[in-house]
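In this text, residue positions in the sequence shown follow our numbering: the first is 3, and each later residue adds one.
Built from N, CA and C at the ideal position, the CB exists for glycine as well.
Below: the structure, in structure tokens.
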Amino acid sequence: MRNLSTVKPKPVSWLWPLRIPAGKVSLLIGHPGQGKSLLTLDIAARLSKGCGWPDNGAPFEPGGVILLSGEDEAEDTIVPRLLAAGADLSRISVMDGVQYRDPKTHALTFSLAELDRDMAAVREAVARAGAKLLIIDPVSSFVGELDDHRNAELRGMLTGLAAMARDSGCAVLCVSHLRKSGGLAVHQAVGSLAYTAAARAVWCLTRDPQNPERRLLLPVKMNLARDVTGLAFTLEQTPDAVCGCPQLAWESGSVTMTADDILNPEDKKPGPPPVERDEAREWLCIALSNGPRSAEELFEEAEAVGISKATLKRAKEELRGVIKASKTGFQGPWTWGLSKEVHPRYTK
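Listed below in structure tokens is the structure:
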């Protein structure tokens with residue numbers, strides 16, 4: 003335990019100001035094919051040269067980068083892309099794997115790093131390289147035997163990763179895919195919610211629905227600073243590009259949309275528009291303010307005022323705890339009524 007009177011406060015340190023904190027875990031999410039790996043390598047290249055960030059061109063002290071890549075080969079993908087981005091390759095290393103002794107056979111074995119087993123090796127690599135950034139792409143390739151859909155199993159690994167980042171001052175940028183199902187952006191990273199809970203900053207990379215050639219880097223979560231706007235870039239391929247690799251062409255302005263604006267547009271949400279749902283909830287509570295009524299009677303009255311049966315059922319579900327349904331006998335009709343403890347706004 004430490005008495006907080008002995009703790010000296012200090013400001014948050016940033017790798018990329020207001021976007022990627024130093025000494026913390028950040029998360030980049032997006033569907034496959036959006037350009038997440040290209041984006042992380044652009045960040046690595048900028049850090050290796052200290053040439054400025056897309057939203058602030060001021061030069062800074064360059065730093066080392068370590069890559070843990072579970073999907074791309076260094077020779078034909080990572081190095082050509084870094085060269086196309088103008089990186090100083092002498093400051094960037096790929097951690098191909100870890101040699102360890104198999105507990106069953108006792109033979110020396112080489113495999114991808116497993117963050118629950120090989121954190122000491124990751125710490126050593128970061129210290130040896132003096133790395134300011136560790137990119138793990140995708141993070142699901144490096145969880146080893148853990149089930150990354152289980153909070154309890156994943157939390158310990160992420161705690162160790164966060165401790166390594168804190169002790170070394172190295173920023174950790176984990177990359178993850180998005181779920182196929184919808185929902186709030188903060189819940190859409192593949193795997194456990196522990197990923198987004200542990201990350202101090204979460205960003206989403208997605209295509210602009212109005213222009214598929216345009217990519218949007220949009221905020222999902224930021225614990226350490228005020229809300230910041232997103233950024234946009236396109237992919238450009240010049241005739242003299244290294245191995246035909248595209249380069250990121252960043253736009254100078256900011257993007258005010260959030261990830262939820264793109265992933266959950268109002269016109270794609272299931273059910274009626276929000277205004278109709280609000281009106282249906284209000285109508286239903288008023289209709290029940292004098293006591294329970296049969297569901298069929300409510301459906302008929304609602305239809306007469308332009309509220310469909312499906313919308314009324316959805317309104318009832320959204321008012322779970324406010325409205326209770328009961329049935330008289332096995333063959334009896336359903337009756338809806340307000341619960342005994344109801345907010346005053348739902349009573350006359």
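Which residue from the options puts its Cα closest to that of residue i?
{"i": "Glu-63", "options": "Ala-47, Glu-73 and Leu-70", "result": "Ala-47"}
{"i": "Ala-327", "options": "Gly-339, Gly-193, Ser-142 and Gly-255", "result": "Gly-339"}
{"i": "Leu-321", "options": "Gly-54, Arg-279 and Ile-309", "result": "Arg-279"}
{"i": "Ala-2", "options": "Val-204, Ser-15, Val-100 and Arg-181", "result": "Past the edges of the chain, shown from 3 to 350, lies residue 2, and the structure says nothing about it."}
{"i": "Ala-122", "options": "Ser-113, Gly-162 and Leu-314", "result": "Gly-162"}
{"i": "Gly-146", "options": "Pro-211, Glu-284 and Asp-120", "result": "Asp-120"}
{"i": "Ala-86", "options": "Pro-248, Val-96 and Leu-233", "result": "Pro-248"}
{"i": "Arg-21", "options": "Ser-92, Glu-126, Pro-34 and Leu-175", "result": "Leu-175"}
{"i": "Leu-91", "options": "Tyr-197, Pro-13 and Asp-44", "result": "Asp-44"}
{"i": "Glu-284", "options": "Lys-318, Arg-152, Leu-148 and Trp-205", "result": "Lys-318"}
{"i": "Thr-79", "options": "Val-14, Thr-42 and Pro-13", "result": "Thr-42"}
{"i": "Lys-84", "options": "Glu-126, Arg-152 and Cys-245", "result": "First, the residue type needs correcting, since residue 84 is Leu and not Lys in the sequence shown. Nearest of Glu-126, Arg-152 and Cys-245 to Leu-84, Cα basis: Cys-245."}
{"i": "Lys-315", "options": "Ala-306, Phe-301 and Ser-341", "result": "Phe-301"}
{"i": "Glu-303", "options": "Leu-286, Pro-294 and Pro-11", "result": "Leu-286"}
{"i": "Ser-341", "options": "Ile-309, Ser-310 and Pro-294", "result": "Pro-294"}
{"i": "Ser-254", "options": "Gly-232, Gly-37, Ala-89 and Glu-305", "result": "Gly-232"}
{"i": "Ala-243", "options": "Arg-4, Pro-82 and Ile-31", "result": "Pro-82"}
Excluding the five sequence neighbours on either side, which residues of its own chain have a C-beta within less than 7 angstroms of the C-beta of residue i, listed in chain order?
{"i": "Thr-349", "result": "Interpretation of Thr-349 is limited by its pLDDT of 44, a score under 50 that renders its predicted location unreliable; the figure taken from the coordinates is listed afterwards. Taken in chain order, the residues that qualify are Ser-291."}
{"i": "Ala-76", "result": "Val-96"}
{"i": "Glu-238", "result": "Pro-248, Gln-249 and Ala-251"}
{"i": "Val-230", "result": "Leu-20, Arg-21, Pro-221 and Met-224"}
{"i": "Asp-104", "result": "Thr-111"}
{"i": "Asp-74", "result": "Ser-39 and Ile-80"}
{"i": "Ile-309", "result": "Ala-282 and Trp-285"}
{"i": "Leu-148", "result": "Asp-118, Glu-155, Leu-156 and Met-159"}
{"i": "Ala-131", "result": "Gly-66, Ile-68 and Ser-95"}
Under 8 angstroms, do residue i and residue j count as touching if we go by C-beta distance?
{"i": "Thr-236", "j": "Arg-216", "result": "yes"}
{"i": "Ile-94", "j": "Ser-28", "result": "no"}
{"i": "Val-257", "j": "Leu-218", "result": "yes"}
{"i": "Ala-203", "j": "Leu-226", "result": "yes"}
{"i": "Leu-250", "j": "Leu-17", "result": "no"}
{"i": "Lys-134", "j": "Gly-52", "result": "no"}
{"i": "Pro-214", "j": "Ile-264", "result": "no"}
{"i": "Thr-313", "j": "Ala-282", "result": "yes"}
{"i": "Arg-152", "j": "Ser-194", "result": "yes"}
To which residues of the same chain is residue i closer than 8 angstroms at the C-beta, ignoring the five residues directly before and after it?
{"i": "Pro-335", "result": "Ser-296, Ala-297, Glu-298 and Lys-329"}
{"i": "His-345", "result": "With a pLDDT of 45 at His-345, under the threshold of 50, the predicted position of this residue should be treated as unreliable, though the coordinate-derived value follows. Cβ neighbours of His-345 beyond the five flanking positions: Val-324."}
{"i": "Asn-58", "result": "Pro-19"}
{"i": "Tyr-197", "result": "Leu-29, Val-141, Asp-150, Leu-156, Leu-160, Cys-176, Ser-178 and Ala-191"}
{"i": "His-33", "result": "His-179, Leu-180 and Thr-208"}
{"i": "Pro-13", "result": "none"}
{"i": "Ser-15", "result": "Pro-23, Ala-24, Gly-25 and Gly-171"}
{"i": "Pro-61", "result": "Gly-52, Cys-53 and Gly-54"}
{"i": "Lys-311", "result": "Phe-301, Ala-304 and Glu-305"}
{"i": "Ala-109", "result": "Arg-103"}
{"i": "Thr-337", "result": "Pro-294, Arg-295, Ser-296, Ala-297, Ala-327, Ser-328, Lys-329 and Thr-330"}
{"i": "Thr-107", "result": "none"}
For residue i, which residues in the same chain have their Cβ closer than 6 angstroms to its Cβ, ignoring the five residues on either side in sequence?
{"i": "Arg-347", "result": "A caution first: Arg-347 carries a pLDDT of 46, below 50, which makes its placement in the model too unreliable to give a value."}
{"i": "Ser-113", "result": "Gly-99"}
{"i": "Trp-55", "result": "Trp-18"}
{"i": "Val-9", "result": "none"}
{"i": "Gly-37", "result": "Arg-217"}
{"i": "Ala-173", "result": "Leu-17, Ile-22, Ala-24 and Leu-135"}
How many whole angstroms separate the CB atoms of residue i and residue j, which I take to be in contact at a CB cut-off of 8 angstroms?
{"i": "Leu-220", "j": "Met-259", "result": "6 angstroms"}
{"i": "Ala-187", "j": "Ala-261", "result": "4 angstroms"}
{"i": "Val-128", "j": "Leu-136", "result": "6 angstroms"}
{"i": "Ala-164", "j": "Ala-200", "result": "6 angstroms"}
{"i": "Trp-205", "j": "Val-222", "result": "6 angstroms"}
Using a Cβ-Cβ distance cut-off of 8 angstroms, determine whether residue i contacts chain D.
{"i": "Asn-213", "result": "Protein chain content of the structure displayed is limited to a single chain, and chain D is not contained in it."}
> Does the count of Cβ pairs from the segment 133 to 141 and the segment 62 to 77 closer than 8 angstroms reach three?
Replying inline: yes
>> If contact is defined by three or more beta carbon pairs under 8 angstroms, each pair taking one atom from either stretch, is the segment 165 to 178 in contact with the segment 8 to 26?
In response: yes
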